[in-house]
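Sequential numbering of the sequence shown, starting at 1, is according to the UniProt record's numbering.
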Amino acid sequence: MSDVFTEVESAVRSYSRSWPATFVRASGAKQWAEDGTEYIDFFSGAGALNYGHNDPAVIEPLIAYLQSGAVLHSLDMQTPAKREFLETFSELILKPRSLDYKVMFPGPTGTNTVEAALKLARKATGRQHILSFTNAFHGMTLGSLSVTGNAMKRRGAGIPLTHTSRLPYDGYLASGQSDFEWLENVLEDSGSGVDKPAAIIVETVQGEGGLRAASAEWLRTLESLCRRHEILLIVDDVQAGCGRTGSFFSFEEAGITPDIVCLSKSISGSGLPLALTLFRPELDLWEPGEHNGTFRGNNPAFVTGTAALKAYWADPTFQNFMGGTIAHLQRRLDEIIGMVDGASQRGRGLLAGVKFADPNLAQAVAAESFRNGLLVETSGSEDEVLKIMPPLTISTQDLDAGCDILAAAVREVTS
Ligand code: PMP
Numbered sequence: 001m002s003d004v005f006t007e008v009e010s011a012v013r014s015y016s017r018s019w020p021a022t023f024v025r026a027s028g029a030k031q032w033a034e035d036g037t038e039y040i041d042f043f044s045g046a047g048a049l050n051y052g053h054n055d056p057a058v059i060e061p062l063i064a065y066l067q068s069g070a071v072l073h074s075l076d077m078q079t080p081a082k083r084e085f086l087e088t089f090s091e092l093i094l095k096p097r098s099l100d101y102k103v104m105f106p107g108p109t110g111t112n113t114v115e116a117a118l119k120l121a122r123k124a125t126g127r128q129h130i131l132s133f134t135n136a137f138h139g140m141t142l143g144s145l146s147v148t149g150n151a152m153k154r155r156g157a158g159i160p161l162t163h164t165s166r167l168p169y170d171g172y173l174a175s176g177q178s179d180f181e182w183l184e185n186v187l188e189d190s191g192s193g194v195d196k197p198a199a200i201i202v203e204t205v206q207g208e209g210g211l212r213a214a215s216a217e218w219l220r221t222l223e224s225l226c227r228r229h230e231i232l233l234i235v236d237d238v239q240a241g242c243g244r245t246g247s248f249f250s251f252e253e254a255g256i257t258p259d260i261v262c263l264s265k266s267i268s269g270s271g272l273p274l275a276l277t278l279f280r281p282e283l284d285l286w287e288p289g290e291h292n293g294t295f296r297g298n299n300p301a302f303v304t305g306t307a308a309l310k311a312y313w314a315d316p317t318f319q320n321f322m323g324g325t326i327a328h329l330q331r332r333l334d335e336i337i338g339m340v341d342g343a344s345q346r347g348r349g350l351l352a353g354v355k356f357a358d359p360n361l362a363q364a365v366a367a368e369s370f371r372n373g374l375l376v377e378t379s380g381s382e383d384e385v386l387k388i389m390p391p392l393t394i395s396t397q398d399l400d401a402g403c404d405i406l407a408a409a410v411r412e413v414t415s
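Spelled out as structure tokens, the structure:
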């Protein structure tokens with residue numbers, strides 16, 4: 001473990017409270033601290049590094065671009081880097097899935113794409129209300145926070161947040177039919193006083209909210225309710241998208257087609273900030289200047305995003321490779337879950353979680369894992385779920401090394 005860590009005095013408190021090390025180098029699924037300690041990465045930059053650190057297939061085109069004297073920052077002007085990203089995204093992602101979406105760059109981060117989605121839904125429907133789910137996480141700016149179902153995060157805003165309400169989210173535990181029946185009744189009852197919402201926003205797996213995964217059936221029920229009531233369906237795929245669950249979009253398995261999709265995190269392939277809002281062509285309603293922002297034209301991020309799409313999503317073997325990794329992780333997690341009474345599996349694909357009966361255990365396991373060379377986070381309103389999110393490209397050897405550390409940490413903290 002690193003013993004040379006000191007906080008910079010001016011820095012605000014951050015993750016370094018739980019990971020006291022200064023990281024100097026990274027490659028693939030590994031990171032090294034200043035004192036040479038090696039860490040396996042089951043964190044992947046909070047989901048922004050699905051292809052691992054410094055993948056040469058992504059970094060080499062970036063170096064060439066930087067050395068070429070091309071435009072770095074271009075707002076919404078056209079550049080070859082932007083054009084190539086859009087063409088590649090269309091060819092490799094949208095067309096093979098028969099998805100007809102317009103692509104917008106709403107600003108640099110996940111919360112920007114959520115804000116754009118909420119605004120667009122309100123503009124398109126002329127309604128104000130947005131429904132979201134308990135334990136949802138959609139970002140930290142006011143609009144995104146207003147649909148985030150986490151009291152601690154909302155408290156930080158210090159003001160009542162209006163125009164949203166939250167629904168129970170129990171797709172993992174049950175089919176959720178009764179919640180939808182209840183909602184249907186409320187929407188159909190003209191005397192209920194409930195405004196028809198502009199949109200319902202949902203994560204198919206709640207990344208920050210405890211790795212709860214909605215079933216395909218629950219998502220299909222949600223989609224048909226939205227269609228029946230002409231409510232727009234927004235899928236926030238900021239964390240669960242870009243391959244995390246085993247397919248490019250996390251909603252593919254359920255066979256649903258959201259009206260609006262939010263992407264960010266790993267869409268740049270490199271950890272550079274980039275966000276996309278995808279929407280049905282009929283929703284292309286913005287007037288010039290109605291949604292803009294300075295950092296919409298991050299050309300280095302377009303270059304790495306294009307390179308990652310070409311390196312992985314043009315490769316027909318990639319999805320099989322991920323399937324193998326998911327199955328292997330599942331076997332290893334089954335072993336770990338079997339070690340602790342009352343432990344259960346959460347999540348889907350490589351957005352996996354382990355929930356312990358004792359809510360303090362996940363944090364204890366994460367801290368012990370760090371001491372033994374593994375970066376792993378916790379999730380949930382009480383950090384009660386261990387969140388296992390390795391790069392999609394991780395080798396079996398590194399995956400096993402990380403799982404060995406996890407298993408030893410579980411043994412240590414439960415002995
Ligand atoms: N939506 C989801 C589902 C997320 O997981 C996150 C980030 N954890 C966001 C939105 C916000 O993204 P950002 O932190 O880049 O603003």
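All C-beta atoms in this analysis are idealised placements derived from N, C-alpha and C, irrespective of residue type, glycine included.
Check whether residue i and residue j have beta carbons under 7 Å apart
i	j	result
residue 354	residue 414	no
residue 27	residue 54	yes
residue 306	residue 9	no
residue 267	residue 242	yes
residue 122	residue 198	yes
residue 223	residue 233	yes
residue 246	residue 326	yes
residue 412	residue 377	no
residue 114	residue 138	yes
residue 50	residue 392	yes
residue 81	residue 299	yes
residue 109	residue 264	yes
residue 92	residue 309	yes
Which of helix, strand or coil DSSP assigns to residue i
i	result
residue 339	coil
residue 24	strand
residue 348	strand
residue 270	coil
residue 282	helix
residue 420	For the chain, the structure presents residues 1 to 415; residue 420 sits outside this window and is missing.
residue 377	strand
residue 172	Reliability fails at residue 172, whose pLDDT of 33 lies under 50, so the model's placement of it is uncertain and no value is given.
residue 180	helix
residue 410	helix
residue 369	helix
residue 200	strand
residue 256	coil
residue 324	helix
residue 353	strand
residue 277	strand
CA-to-CA distance, residue j to residue i, given in whole angstroms
i	j	result
residue 66	residue 44	25 Å
residue 200	residue 227	11 Å
residue 33	residue 366	17 Å
residue 120	residue 132	16 Å
residue 99	residue 249	11 Å
residue 380	residue 209	4 Å
residue 405	residue 205	25 Å
residue 262	residue 141	15 Å
residue 24	residue 254	41 Å
residue 333	residue 257	31 Å
residue 221	residue 337	31 Å
residue 322	residue 194	44 Å
residue 87	residue 385	39 Å
residue 427	residue 214	The structure shown does not extend to residue 427, since the chain spans only 1 to 415, so no value can be given for it.
residue 318	residue 218	28 Å
Boundaries (first-last residue) of the beta strand (DSSP E) holding residue i
i	result
residue 260	260-263
residue 394	No beta strand (DSSP E) holds residue 394; DSSP gives it neither H nor E.
residue 132	130-133
residue 385	385-388
Contact with chain B by residue i, beta-carbon distance below 7 Å
i	result
residue 277	Included in the structure is just one protein chain, with no chain B present.
Host alpha helix (DSSP H) of residue i (start-end)
i	result
residue 304	299-308
residue 208	That residue, residue 208, is in no alpha helix (DSSP H); it is neither H nor E in DSSP.
residue 151	151-155
Problem - Residue ranges of each alpha helix (DSSP H) within the stretch 210-241, 4 or longer - result: If we require 4 residues or more, the alpha helix (DSSP H) runs fully inside the stretch 210-241 come out as 216-228.
Handout entry: 3 or more residues per run - each beta strand (DSSP E) lying fully within the stretch 33-120
Key = For the stretch 33-120, whole beta strand (DSSP E) runs of length 3 or above, ordered along the chain, are 38-41 and 102-104.
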